[in-house]
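**Q**
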Ligand SMILES: [Cu+2]
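Residue numbers (the working numbering): 8 to 126.
1. My output table needs one value for residue 114: the three-state DSSP class, helix, strand or coil.
2. What's the gap between the Cα of residue 73 and the Cα of residue 102?
3. What's the gap between the Cα of residue 58 and the Cα of residue 31?
4. Excluding sequence positions up to five away, which residues of its chain have a Cβ less than 7 angstroms from the Cβ of residue 106?
5. Starting from the Cα of residue 91, find the closest Cα among 80, 76, 55 and 97 and give me that residue.
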């Protein structure tokens with residue numbers, strides 16, 4: 008077939024590109040949180056409604072945990088040599104608290120943070 012005869016229709020291929028991009032699920036936001044006695048870093052995590060989130064927790068000292076009742080996220084425990092990953096997709100905007108879910112010493116109660124979900 009003659010290529011020059013097809014060229015007028017090349018724009019159709021360009022029209023298809025944005026349609027494909029829109030059909031893809033949103034990219035996962037990957038966040039690393041480091042825990043130590045007695046804080047999470049960062050302690051404030053910002054995400055968006057509908058954006059899949061993957062948070063990997065690591066510890067630099069003892070065993071710590073993560074739980075967010077506000078977001079309905081189950082407790083996970085992690086240590087220096089064993090990280091833990093929490094995946095979720097926020098469905099509503101707001102500020103949701105989380106805290107350490109593993110007793111780690113006298114300052115355990117101070118180990119808190121928040122996940123801010125913007126529309
Ligand atoms: Cu802790």
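Where a beta carbon is used, it is the ideal one built from N, C-alpha and C, also for glycine.
**A** Short version:
1. coil
2. 16 angstroms
3. 12 angstroms
4. 74, 118 and 119
5. 80
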